[in-house]
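Residue numbers (the working numbering): 11 to 391. Note that CB positions come from ideal geometry on N, CA and C, so glycine has one too. It should be emphasised that the depicted structure is a prediction, and the values quoted were computed from it without experimental measurement.
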């Protein structure tokens, strides 16, 4: 269905928050487009998001990871974690971005109290959640003094649709406009400068409105790697044999990340597609105009595609491809970047904290029907 031309993404596929009129031109992201309009933007933007480009960004991402891990012990509290603040990372439903997607129903259970001792810290709040926003600041050249403000916006976006989310949008848009103007005046080695320089063979270029919208899209999409990293750590702590295998052979990391995306990625469902015509799928008739949502989580646990699909095995190189980054024309543009972020985060975390363990306080999940995400991840270092 995700690649079937008989189904289309429409304006009815997304919920829209109430925003000031000057924000409206930037609210319609590439995820909401289909056909020639989508193809044009994709052609201009895709070269900046290749696997090679993501690999080139790895050193910068690793520096961000190391800075966050340097500070992690300072957030620890003896005997308990500081996870009282509800600052989850979440796919914002407002302007619907379809970047890294998947959720494995996974072991889905909360980590039990295990008697771990030591200093506890909320790994989601102090590592997984701020990492993607810090990377975005690097990618679009946000000056250091402005980054705290961007992190505040990111936290509001992470909380999902609601008044806080809507209230953050004007500030994000203003910051995005400033970033585009800054790079128009003085190009840098960052991704935003590359997008400004992008030009098709026919001379087509991205407009300022499209560039601001792309920065907004990055902010939305950046919440998904945060959930993926938190889910991955939770899964590995829940499956000690898999954690042991990965510690013993760090070269397994790329394979492990693919398996973790399949098994415990954050997105339960895709955004709805609407049937362009009457369609029969597996004996069910879908009428023209009906909305259909694909369960990526179910697809990633399909026994017809995966042997022992409910088992997490970071040593396997599975023949079938997971749908964690969607499929078809809307395949995740940021897939390579999400992979690099997750690989860098997990590799450094496991290397620097060999005693990482679940804290006595249980991890908590959000009551979110569309996203498999945590609202806290208490661990001991």
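- Counting along the chain, residue 85 sits inside no beta strand (DSSP E), nor does DSSP assign it H or E at all.
- Secondary structure at residue 45: helix, using DSSP grouped into helix, strand and coil.
- Counting along the chain, residue 291 sits inside no alpha helix (DSSP H); it lies in the beta strand (DSSP E) bounded by residues 289-291.
- For residue 132, the secondary structure class from DSSP, reduced to helix, strand or coil, is strand.
- Only buried fits residue 386, as 16 or more other CB atoms lie within 10 angstroms of its CB.
- Annotated three-state conformation of residue 372 is coil, per DSSP.
- One thing to note: residue 341 has its Cβ no nearer than 8 Å to the Cβ of residue 328.
- Residue 354 and residue 237 have their C-alpha atoms some 15 Å from each other.
- Going by beta carbons, residue 243 and residue 279 fall outside the 8 Å limit.
- Residue 296 has 289 as its beta-bridge partners, per DSSP.
- By the neighbour-count definition (other C-beta atoms within 10 Å, threshold 16), residue 294 is an exposed residue.
- Under the three-pair Cβ rule at 8 Å, the region 38-47 does not count as touching the region 180-191.
- 286 is the residue among 374, 286 and 220 whose C-alpha sits nearest the C-alpha of residue 18.
- About 6 Å separates the Cβ atoms of residue 175 and residue 27, confirming a contact at the 8 Å cut-off.
- For residue 384, the enclosing beta strand (DSSP E) begins and ends at 384-386.
- When only Cα atoms are considered, residue 71 and residue 58 end up about 16 Å apart.
- Residue 296 and residue 336 have their C-alpha atoms spaced approximately 21 Å apart.
- Residue environment analysis places residue 292 among the exposed positions, since fewer than 16 neighbouring C-beta atoms fall within 10 angstroms of its C-beta.
- The three-state reading of DSSP puts residue 390 in strand, counting E and B together.
- Linking residue 154 to residue 74 through their CA atoms gives a straight-line distance of about 13 Å.
- Going by beta carbons, residue 83 and residue 391 fall inside the 8 Å limit.
- Distance from the Cα of residue 63 is smallest, within the candidate group 167, 381, 348 and 373, for 348.
- In the three-state reduction of the DSSP assignment, residue 335 falls in the coil class, being assigned neither a helical nor a strand state.
- Around residue 249, the same chain offers 322 as residues with beta carbons nearer than 6 Å, after the five sequence neighbours per side are excluded.
- Contact between residue 216 and residue 389 is absent: CB atoms are separated by about 41 Å, not below the 8 Å threshold.
- The C-beta distance from residue 228 to residue 149 rounds to 7 Å, short enough to fall under 8 Å.
- The C-beta separation of residue 139 from residue 158 comes to about 14 Å, leaving the pair out of contact by the 8 Å criterion.
- Across the set 146, 81 and 247, the C-alpha of 247 shows the shortest separation from the C-alpha of residue 356.
- For residue 54, the CB contacts under 7 Å within the same chain, skipping 5 residues up- and downstream, are 208, 210, 214 and 216 in chain order.
- Restricting attention to 185, 376, 60 and 31, the CA atom closest to the CA of residue 205 is found in 60.
- As the crow flies, the alpha-carbon of residue 339 is around 43 Å from that of residue 130.
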